[in-house]
Amino acid sequence: MRPTVQGRPTWLKMALALGIGVAAAAVLVIGSQVLRGTKSTPGVVPRPVVNLTGIPENGTVLGKPSAKVSLIEFADQQCPGCRYYTLNVFPILVNDFVRRGKVKMEYQGFPFIGPDSVKGLRFLLAAAKQNRLWQLQEALYRYQGRENSGWITDELVRTLAAKIPALDVGKLFADAGSTAITKEASGAEQKSGNEMSKYVDQLQTPTFLVKIDDQKPYYVNVAFDATAFRAALDDALKD
Amino acid sequence: MSDRTLRLIGAAVALAGVGVAGYLTWAHYSNATVVCVRGGGCETVQQSSYAEIAGVPVALLGLLSYSAVTALIASDSGNARLGAATLACIGVLFSGYLLVLQLFVIHALCIWCVANDVVIAPALALVTGLRLRGSPA
Chain A
6 MRPTVQGRPT WLKMALALGI GVAAAAVLVI GSQVLRGTKS TPGVVPRPVV NLTGIPENGT
66 VLGKPSAKVS LIEFADQQCP GCRYYTLNVF PILVNDFVRR GKVKMEYQGF PFIGPDSVKG
126 LRFLLAAAKQ NRLWQLQEAL YRYQGRENSG WITDELVRTL AAKIPALDVG KLFADAGSTA
186 ITKEASGAEQ KSGNEMSKYV DQLQTPTFLV KIDDQKPYYV NVAFDATAFR AALDDALKD
Chain B
7 MSDRTLRLIG AAVALAGVGV AGYLTWAHYS NATVVCVRGG GCETVQQSSY AEIAGVPVAL
67 LGLLSYSAVT ALIASDSGNA RLGAATLACI GVLFSGYLLV LQLFVIHALC IWCVANDVVI
127 APALALVTGL RLRGSPA
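The listed protein sequences derive, respectively, from chains A and B. Quick note: the first sequence uses our numbering, first residue 6, plus one each step. Quick note: the second sequence uses our numbering, first residue 7, plus one each step.
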């Protein structure tokens with residue numbers, strides 16, 4: 006083998022390394038095809054994680070209308086971060102703030118991930134007409150599937166909606182298919198995006214704004230944990 | 007461009023790779039806390055069956071590889087340079103394959119993966135390849 010010049014590897018060494026590199030990449034590609042994983046969907050949570058019985062609902066708003074602070078959530082039913090927030094943080098905030106009349110929550114659809122997002126929002130807006138948006142969104146997150154895999158099926162919605170008290174499933178489907186709601190859901194990405202862009206540079210979900218009384222809302226940039234949200238809401242309630 | 011500059015660029019690119027692969031590894035294991043940026047797709051890619059090889063997250067393989075390249079660049083002997091270039095070569099070839107999967111099989115693009123496949127991996131392969139011309143410091 007020719008000695009190296011100033012430590013530079015010989016051409017033979019480099020060719021050998023290149024060969025090893027190509028072979029290793031080929032092994033990885035074959036391994037990826039043969040030994041690929043079996044992940045498919047996030048785990049289903051069969052039971053509701055929060056009890057909303059007795060809490061006032063009006064359209065997209067959950068909580069007493071007189072509550073001083075509003076927590077505005079921009080969400081997409083396909084967004085796993087939104088799912089995490091709803092299953093892990095939302096129940097705590099409901100019990101600590103909403104049920105006590107301190108905070109109300111407002112849902113704003115930002116269906117940006119794909120067709121399932123728009124379809125999901127259509128059903129949520131239809132549920133809002135019966136003041137049951139919050140129950141349906143919680144239920145859909147519990148059964149969230151892979152993005153744009155067509156997981157929001159009529160059958161899934163029908164099954165979940167049937168378990169929500171005082172929700173007329175027939176009316177839900179009729180409203181979800183109406184021209185007005187179809188138009189509203191289709192335009193929600195643009196509308197919510199315009200609204201969000203007043204407060205954040207990067208449009209993402211979930212995004213939260215806090216509004217105190219009739220003041221201008223402000224962006225809440227906190228971790229998805231109850232402690233951080235509690236602190237943000239306590240802070241807003243102090244004002 | 008001096009070898010020292012190439013070394014610094016290589017280290018910076020490898021660390022960027024550590025950052026991206028580290029984030030994706032974290033996202034893979036935490037599962038529910040992925041932030042969806044406009045354009046979506048990340049979760050689809052992360053949840054696809056191609057995100058793992060024999061139960062090991064592809065992102066973790068990337069994290070280990072970029073960490074190894076960073077260490078080899080820091081070490082900087084002749085063999086370390088060759089090792090870094092070899093790993094970078096494997097990385098760019100496998101990244102190309104992953105990009106093809108995203109485009110034509112999974113039908114979803116993850117911005118973090120694309121940043122790796124289109125920018126970081128090729129840049130690292132280029133820089134580590136160019137450094138084979140020179141002598142170690």
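Backbone N, C-alpha and C fix where the C-beta goes; we use that ideal spot for every residue, glycine too.
Residue i to residue j span [Cα, whole Å]
{"i": "A:Arg127", "j": "A:Phe79", "result": "15 Å"}
{"i": "A:Asn199", "j": "A:Lys221", "result": "16 Å"}
{"i": "B:Leu88", "j": "B:Ile59", "result": "26 Å"}
{"i": "A:Tyr204", "j": "A:Lys73", "result": "21 Å"}
{"i": "B:Ile126", "j": "B:Val19", "result": "6 Å"}
{"i": "A:Tyr112", "j": "A:Leu130", "result": "10 Å"}
{"i": "A:Arg105", "j": "A:Gly64", "result": "20 Å"}
{"i": "A:Ala231", "j": "A:Ala181", "result": "33 Å"}
{"i": "B:Ala121", "j": "A:Arg163", "result": "40 Å"}
{"i": "A:Lys107", "j": "A:Asn56", "result": "17 Å"}
{"i": "B:Leu67", "j": "A:Ala167", "result": "45 Å"}
{"i": "A:Thr212", "j": "B:Ala86", "result": "45 Å"}
{"i": "A:Tyr148", "j": "A:Val49", "result": "5 Å"}
{"i": "A:Glu189", "j": "A:Gly68", "result": "23 Å"}
{"i": "A:Leu242", "j": "A:Val103", "result": "12 Å"}
{"i": "A:Leu23", "j": "A:Leu33", "result": "15 Å"}
{"i": "A:Ser75", "j": "B:Val51", "result": "35 Å"}
{"i": "B:Leu21", "j": "A:Ile35", "result": "28 Å"}
{"i": "A:Ile217", "j": "A:Ala237", "result": "12 Å"}
{"i": "A:Gln195", "j": "A:Glu160", "result": "28 Å"}
Paired residues, beta bridge with residue i - DSSP
{"i": "A:Leu109", "result": "It should be noted that the sequence gives Lys, not Leu, for residue 109 of chain A. Paired residues: A:Ser75."}
{"i": "A:Leu214", "result": "A:Ile77 and A:Tyr224"}
{"i": "B:Glu58", "result": "B:Pro63"}
{"i": "A:Glu62", "result": "A:Leu67"}
{"i": "A:Arg41", "result": "B:Ile59"}
{"i": "A:Gly114", "result": "A:Ala80"}
Interface partners of residue i on chain B, CB under 8 Å
{"i": "A:Pro14", "result": "Gly84, Asn85, Arg87, Leu88 and Leu138"}
{"i": "A:Leu23", "result": "Thr92 and Cys95"}
{"i": "A:Lys18", "result": "Leu88"}
Residue j beta carbon less than 8 Å from that of residue i
{"i": "A:Leu98", "j": "A:Phe229", "result": "no"}
{"i": "A:Val225", "j": "A:Val215", "result": "yes"}
{"i": "B:Val124", "j": "B:Ile15", "result": "no"}
{"i": "B:Ser73", "j": "B:Val26", "result": "no"}
{"i": "A:Gly119", "j": "A:Asn93", "result": "no"}
{"i": "B:Ala77", "j": "B:Leu30", "result": "no"}
{"i": "A:Lys109", "j": "A:Val54", "result": "no"}
{"i": "A:Arg41", "j": "B:Tyr35", "result": "no"}
{"i": "A:Leu177", "j": "A:Ala132", "result": "yes"}
{"i": "A:Asp121", "j": "A:Gly175", "result": "no"}
{"i": "A:Gly86", "j": "A:Thr210", "result": "yes"}
{"i": "A:Tyr146", "j": "A:Arg52", "result": "no"}
Closer than 7 Å at the beta carbon, the chain B residues around residue i
{"i": "A:Met110", "result": "Result: empty, since nearest Cβ-Cβ is about 20 Å, beyond 7 Å."}
{"i": "A:Gly125", "result": "By Cβ distance, chain B contributes nothing, its closest Cβ being about 13 Å from A:Gly125, past 7 Å."}
{"i": "A:Ser202", "result": "The premise fails here: A:Ser202 is roughly 11 Å from chain B at the closest Cβ pair, so nothing lies under 7 Å."}
Interface residues of chain B facing residue i [CB-CB closer than 9 Å]
{"i": "A:Val34", "result": "Leu99, Phe100 and Tyr103"}
{"i": "A:Arg41", "result": "Ser54, Ser55, Tyr56, Ala57, Glu58, Ile59 and Ala60"}
{"i": "A:Val27", "result": "Cys95, Ile96 and Leu99"}
{"i": "A:Ala30", "result": "Cys95, Ile96, Gly97, Val98, Leu99, Phe100, Gly102 and Tyr103"}
Close Cβ partners of residue i (< 8 Å) along its chain, the five nearest in sequence each way excluded
{"i": "B:Gly135", "result": "Ala91, Ala94 and Cys95"}
{"i": "B:Ala80", "result": "Ala17"}
Same chain, Cβ closer than 7 Å to residue i, neighbours up to 5 away in sequence not counted
{"i": "A:Ser197", "result": "Phe79, Gln113, Gly114 and Phe115"}
{"i": "B:Gly28", "result": "Leu69"}
{"i": "B:Leu99", "result": "none"}
{"i": "B:Trp118", "result": "Val26, Tyr29, Leu30 and Cys48"}
beta-carbon residue i near the ligand GTP non-hydrogen atom, thresh 7 Å
{"i": "A:Ile60", "result": "Of the ligands one can find in the structure shown there are none, so the ligand GTP has no counterpart to examine."}
Residues near residue i in its chain [Cβ-Cβ closer than 6 Å; skip 5 each side]
{"i": "B:Leu107", "result": "Tyr56"}
{"i": "A:Ile157", "result": "Asp121, Lys124 and Gly125"}
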